[in-house]
Structures are given as structure tokens and as C-alpha cells.
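For what it's worth, our numbering labels the leading residue of the sequence shown as 8, then goes sequentially.
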Amino acid sequence: MLAEENTSVDAVVNFNVPDKVLLERISGRRVHPASGRSYHVKFAPPKVAGKDDVTGEPLIQRKDDNEATLSSRLQAFHKQTQPVIDFYRKQGKLADVNAHTDMDKVTEQIRKSLGSD
């Protein structure tokens, strides 16, 4: 597809996060439906549990933020992306980044892998 558009890829960043961590992140997510503001029960909790910080309205857990749905999505993701990862790794264009750390460290890894540190 990229070749058809006469576009080349210089680098690909692969964000590595263990599936169990993704499950914890997704299952703890809470959303304020009207605004889209997002919280997390552990990592970014609202000031009052279960309530939006701005309006005080109830937060919800999306129906698809559960283990069964995420497991299915992750299986499809791994199946579809592994060939792409292998392709770019063979070309020496893949940078694996540990995304299970704080944002500053992730940013630093990306910059180093792209040679822009």
C-alpha cells in the first residue's frame, strides 16, 4: 500500500506493554459520558470516587472495557501486527519501546530510537 503511494518508511515504533497491564489499564477506566473526560480508578482517580471532577455527575465504565472484550481484541491485534513487526524488524527499522513506564522515559526511548535525542 505504501509503495503504491510512493511512500517509504524510515522507522517504526513498537510500544511494548504486557497484556495484563493493558487489562488493568482498560478495566479501571471510567468516563464522563457527556464530556468524554477519562479517569482511572488507580492511576488517575477523580477527586470523588465515581464522580466527574467538573460536574459531579456519575462516571461510567464502558461496556467494552472488560476482560473478555479486551482478550479478544488483543488476540486479533497480536495476530494482525506480528507479521508487520517481523517485516520491519528484518529491515532494521523497528524500534521496540518499553511503554510500561512513565511518559518521560517512553519519550526518551522514542527520541533515542529515532536519533533525535
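No residue lacks a Cβ here, since even glycine has one placed at the ideal position from N, Cα and C.
Source: prediction; values computed, not measured.
{"Query": "Alpha carbon to alpha carbon, what distance is there between GLU64 and ALA2?", "Result": "Absent from the model: residue 2. The displayed extent of the chain is 8 to 124, so no value can be given."}
{"Query": "For ILE33, count the other beta carbons within 10 Å of its own beta carbon; 16 or more makes it buried, fewer makes it exposed. Which is it?", "Result": "buried"}
{"Query": "Straight-line CA distance for PHE94 to VAL16?", "Result": "12 Å"}
{"Query": "In its own chain, which residues sit with a C-beta less than 7 Å from the C-beta of LEU101, not counting the 5 before and 5 after it?", "Result": "VAL19, ASN21, ILE92 and TYR95"}
{"Query": "Only counting the same chain, and skipping five residues up and downstream in sequence, which positions put a Cβ closer than 6 Å to that of SER120?", "Result": "ALA102"}
{"Query": "When you compare each of GLU115, MET110, GLY57 and ARG36 to HIS47 by their alpha carbons, which one comes out closest?", "Result": "ARG36"}
{"Query": "For GLN89 and THR62, I'd like the C-alpha separation in whole angstroms.", "Result": "43 Å"}
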